[in-house]
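Asks:
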Amino acid sequence: MENILDKVKNRVDAAEVSYVESHKTEIEFKGWKLKESSVAQTEGYSLRVIKNGRIGFSATTDPNGIDDMVENAVATAEFGEQVDITFPGKREFVVPDIYDEKLEKLTIPEIIEFGRKFIGKCESFRGIADLDFSSERILTERKIINTSGFEGGYRKSYLTWGGSLNRVKENDVFLIWDGSAATYLPDMDEEITKMTGPFAEKIELAENVIDISTGKMPVVFHPRGVMIVLLPLNAAINGRTVYTGTTPLVDKEGKKLFDENFTVVDDGTLDRRIGSSPFDTEGIPKRRIPIVENGVFKNFLFDLVTAAKANRESNGAATRSIFGSPFPSSSNIAIRAGNTPKDDIIGSVENGILVESVLGLGQGNIISGTFSNPFGTVFKIENGRLVGRVKDGTIAGNIYEDLKEITAISDKQELVWGSYLAPYMRVDTLTVTGK
1 MENILDKVKN RVDAAEVSYV ESHKTEIEFK GWKLKESSVA QTEGYSLRVI
51 KNGRIGFSAT TDPNGIDDMV ENAVATAEFG EQVDITFPGK REFVVPDIYD
101 EKLEKLTIPE IIEFGRKFIG KCESFRGIAD LDFSSERILT ERKIINTSGF
151 EGGYRKSYLT WGGSLNRVKE NDVFLIWDGS AATYLPDMDE EITKMTGPFA
201 EKIELAENVI DISTGKMPVV FHPRGVMIVL LPLNAAINGR TVYTGTTPLV
251 DKEGKKLFDE NFTVVDDGTL DRRIGSSPFD TEGIPKRRIP IVENGVFKNF
301 LFDLVTAAKA NRESNGAATR SIFGSPFPSS SNIAIRAGNT PKDDIIGSVE
351 NGILVESVLG LGQGNIISGT FSNPFGTVFK IENGRLVGRV KDGTIAGNIY
401 EDLKEITAIS DKQELVWGSY LAPYMRVDTL TVTGK
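Be aware that the sequence shown starts at 1, since it is given in the numbering used here, and climbs by one per residue.
1) What residue range is occupied by the uninterrupted beta strand (DSSP E) comprising Ile381?
2) Could you check which residue in Asp251, Pro223, Pro285, Ile406 has the C-alpha nearest to that of Asp267?
3) Any idea which residues DSSP pairs Leu249 with across the strands?
4) Between which two residues does the alpha helix (DSSP H) harbouring Glu136 extend?
5) Going by DSSP, name the residue or residues bridged to Asn311.
6) In whole angstroms, give me the CA-to-CA distance for Val74 and Thr246.
7) Considering only C-alpha positions, which residue in the set Phe300, Asn146, Asp67 is nearest to Gly451?
8) Since Phe371 is in the beta strand (DSSP E), which residue starts that stretch and which ends it?
9) Quick one: what does DSSP say Pro63 is sitting in, helix, strand or coil?
10) Using C-beta distances below 6 Å, list every residue in its chain close to Val378, excluding the 5 sequence neighbours before and after it, in chain order.
11) Identify which residue in Met217, Asn315, Ile27, Ala422 has its Cα closest to the Cα of Glu382.
12) What residue ranges within the segment 153-233 form continuous alpha helix (DSSP H) runs of no fewer than 4 residues, ordered along the chain?
13) When burial is assigned at 16 or more other CB atoms within 10 Å of the CB, is Phe279 buried or exposed?
14) Taking the straight line between their C-alpha atoms, what separation do you get for Ile335 and Val427?
15) Given a cut-off of 8 Å on the beta-carbon distance, is the pair Gly418 and Ala181 in contact?
16) Relative to the alpha-carbon of Lys256, which residue among Gly162, Asn294, Asn52 has its alpha-carbon at the smallest distance?
17) Looking at the secondary structure, which residues open and close the beta strand (DSSP E) in which Arg288 lies?
18) Ordered along the chain, which non-local residues of its own chain (more than five positions away) have a Cβ less than 6 Å from that of Lys202?
19) Answer yes or no: do Thr394 and Asn373 have a C-beta to C-beta separation smaller than 8 Å?
20) I want to know whether the segment 30-38 touches the segment 56-73 - three or more CB-CB distances under 8 Å.
Written as structure tokens, this is what we have:
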């Protein structure tokens, strides 16, 4: 990497070299059978330069393409974006626990065995539903060096897994899925048991399809269902939306916008979490960033460029791929737990729904806070009990209106997709459209 910097540093005002190496091992089961296993390796360099206040960028995965990358980066700076940024100098940072030697030693047959264990737990559904399962083991190494004096690197390992049952009955399709991710090798017997434990109850509930009427009713969000309201917030806190003026949160820092029990934090310093690292992809140390604190909006997420354009400072939120320039992104988002047991939240609902998933999650103009999604996995609640499945319907709302009053938040959280920690939440102001 130093040799790349040497090739370019006298031709520009500042330069940054980023290196990434990734090893991915993947297995997939389809229709109760092993479909494929594969191994892939990616390695590449990215070069970003600043010349006369303009940014140039180029990248390569070809070991023989370094000179071309240097020439392209310098050339693109002639017409690049004009932004006043300074690459970080030497920094102190703490390396979180994000690499597990056990994951490094994990073999393809051992990963395949995870799928076989999932099949074993679902055997009673054979002939009733189709089954899918997939798992990936990824080992990465990242290094950054720049002309301001920063030099750092780290390794990360993580394992992802997920499985589903897809029951097709006449014209009715019902899908249930569960899965997670970790930077360490967990007890997969325990994880798969936890995944498949609720499947039987859900399949049974799905047999009783219930129509609902249109109107406002209590909605209990499963932790995965909470993503319906969390993703619009996540989109709105991206620093790019500040200088473009596309976020409704412009000039709202320090103002109470949500229920006082609603607190959201992004923390890239946590041990054993897939979104953690010692520094972001520009060399800025990761940190704990309050997003919403007791209902008060606190912070956006910035990288160097978006911070400069918004007249702010980067807070270590940059991410990037080999061939992409940095952009702001969350690390590990968590919604603070409340004080009500999950069963008590469901038990308090006389007539409502439990939303585990919807279709088209994250699509549409979510940055405005508005969402409208057809039902995915949704169950009917009557007199405090789950009594069946709601097949047809939509849920709609706006987070800046409907999260002003949150009826209840569960006392425990669940990890969603490996990087979101969310509780159950009850909201009573959402509009539900029935069949």
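Beta carbons: idealized from backbone N, C-alpha and C, even for Gly. On a predicted model such as this, the values are computed, not experimentally measured, just so you know.
Replies: Answer, in terms of the structure:
1) Looking at the DSSP string, the run of the beta strand (DSSP E) that includes Ile381 is 378-382.
2) Looking at the Cα atoms, Pro285 is the closest of the given residues.
3) Answer by DSSP bridge pairing: none, since Leu249 is not bridged.
4) Note, Glu136: premise wrong, no alpha helix (DSSP H); beta strand (DSSP E) at 130-146.
5) When beta bridges are read from the DSSP output, Asn311 appears opposite no residue.
6) Val74 and Thr246 have their C-alpha atoms some 32 Å from each other.
7) Only positions 1 to 435 of the chain appear in the structure, and residue 451 is not among them; the question remains open.
8) Segment 370-374, the beta strand (DSSP E) holding Phe371.
9) In the structure shown, Pro63 sits in a helix (DSSP, three-state: H, G or I).
10) Excluding sequence neighbours, Val378 sits near Ile353, Val355, Val390.
11) Here the closest residue by C-alpha is Met217.
12) Entirely contained in the segment 153-233, the alpha helix (DSSP H) runs reaching 4 residues are, in chain order, 188-196, 199-206.
13) Its Cβ being crowded by 16 or more others within 10 Å, Phe279 is buried.
14) Whole-angstrom Cα-Cα distance: 15 Å.
15) If you check the CB distance, Gly418 and Ala181 come in under 8 Å.
16) Among Gly162, Asn294, Asn52, the Cα nearest to that of Lys256 is on Asn294.
17) 288-293 is the span of the beta strand (DSSP E), which, as asked, contains Arg288.
18) For Lys202, where only same-chain residues beyond five positions count, the Cβ hits under 6 Å are Ile176.
19) Contact: yes.
20) These segments do not touch.
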